[in-house]
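*Asks:* Per my numbering, the sequence shown runs over residues 1 to 221.
Pasting a structure below so you can have a look.
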Amino acid sequence: MSAALRVNRVHHPVTALGYGVRLGVWLQGCPLACAGCASQDTWDPGGGGEVPVAELAEVWRAAVRAGADGLTVTGGEPLAQPAGLAAFLRRVRAIGADCGRETDVIVYSGYELDELDETQLGALEHADVAITGRYEIAQPTELIWRGSANQRMILRTPLARRRYERYVDHRPERSPMQVAADGDAVWLIGVPRTGDLARLERRLRDQGLHLQDVSWRRQKP
Ligand code: SF4
1 MSAALRVNRV HHPVTALGYG VRLGVWLQGC PLACAGCASQ DTWDPGGGGE VPVAELAEVW
61 RAAVRAGADG LTVTGGEPLA QPAGLAAFLR RVRAIGADCG RETDVIVYSG YELDELDETQ
121 LGALEHADVA ITGRYEIAQP TELIWRGSAN QRMILRTPLA RRRYERYVDH RPERSPMQVA
181 ADGDAVWLIG VPRTGDLARL ERRLRDQGLH LQDVSWRRQK P
């Protein structure tokens, strides 16, 4: 059987989740259920859609040809699908080399490294940067690309150190965020700071705009 991944969404260009311009892949399914998670729409392992790894790899090839600097895989919990993720990242590496562009891979995970089994560690071997740890609502942070102060940015390769060393302790004035639209749905790309989403919702309500089915509240079945 060919490898596939359960995917919530894919977007290019992403500019709020890593170095430069990137392809973003949000994998579906997360068993960790952090209180205050902004992406509760990604929790259900049966949600989203199944995408063959070969198809996703071609999306990456097109992004690289269009000038992508890297790939960010987030979710959901990417390491809940370690075999499919490893198969995808192997192709991502091969395509990056084929296209002759220097590209980096970031993988987000709610797990800490010492919680991972061999298959999950094997998948992470293909990442330049791992951003690890649960979202902890009681530990707000201004660190770029992280949702709470306990989350670690682990630089695994020379390219990661070259591109990301300066970001490990970087605290921008505002968290980088992007807005994207898909039909009637609008979604925010990036890592909001604790309280940002509630503030946004209040401001919009003050303007007469009421958000429905937001991903930061559990939807009733
Ligand atoms: S913050 Fe991340 S690890 Fe935690 S529940 Fe949400 S998707 Fe899962």
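Just so you know, even glycine gets a beta-carbon here, dropped at the ideal spot from N, CA and C.
Model, not experiment: these values are computed from the prediction.
1) Leaving aside the five residues before and after Val73 along the sequence, list all residues of the same chain whose C-beta is less than 6 Å from its C-beta, in chain order.
2) Have a look at the DSSP bridge pairing and note the partners of Ile189.
3) Go ahead and label Glu115 buried or exposed: buried means 16 or more other beta carbons lie within 10 angstroms of its beta carbon, across all protein chains shown.
4) Can you give, in chain order, each stretch of the alpha helix (DSSP H) that sits fully within the segment 104–133 and has at least 4 residues?
5) On the DSSP letters alone, give me the boundaries of the alpha helix (DSSP H) that Arg161 sits inside.
6) Please state whether DSSP places Pro13 in a helix, a strand or coil.
7) Span of the beta strand (DSSP E) holding Val25?
8) Would you please state the rounded distance, in angstroms, between the beta carbons of Gly100 and Cys30? I believe it to be under 8 Å.
9) By the DSSP assignment, the beta strand (DSSP E) with Leu155 in it spans what residues?
10) Tell me whether Ala123, by its Cβ, gets closer than 7 Å to a heavy atom of the ligand SF4.
11) Which first and last residues belong to the alpha helix (DSSP H) in which Val82 is found?
12) Take Gly49 and list the residues in its own chain whose beta-carbon comes closer than 7 Å to its own, dropping the five residues that flank it on each side.
13) In the structure shown, what three-state DSSP assignment does Pro52 receive?
14) In angstroms, rounded to a whole number, what distance separates the CA positions of Ile95 and Thr103?
15) Beta carbon of Cys34: closer than 7 Å to some heavy atom of the ligand SF4?
16) Consult DSSP for Val214 and reduce its assignment to one of helix, strand or coil.
*Replies:* Straight from the coordinates:
1) Val25 and Val107
2) Gln178
3) exposed
4) 118–124
5) Pro158 to Tyr164
6) strand
7) Arg22 to Leu27
8) The pair is not a contact, with the Cβ atoms about 35 Å apart (cut-off 8 Å).
9) Arg152 to Leu155
10) no
11) Just to set this straight, residue 82 is Pro in the shown sequence, not Val. Pro82 -> alpha helix (DSSP H) spans Pro82 to Cys99.
12) Val7
13) strand
14) 10 Å
15) yes
16) coil
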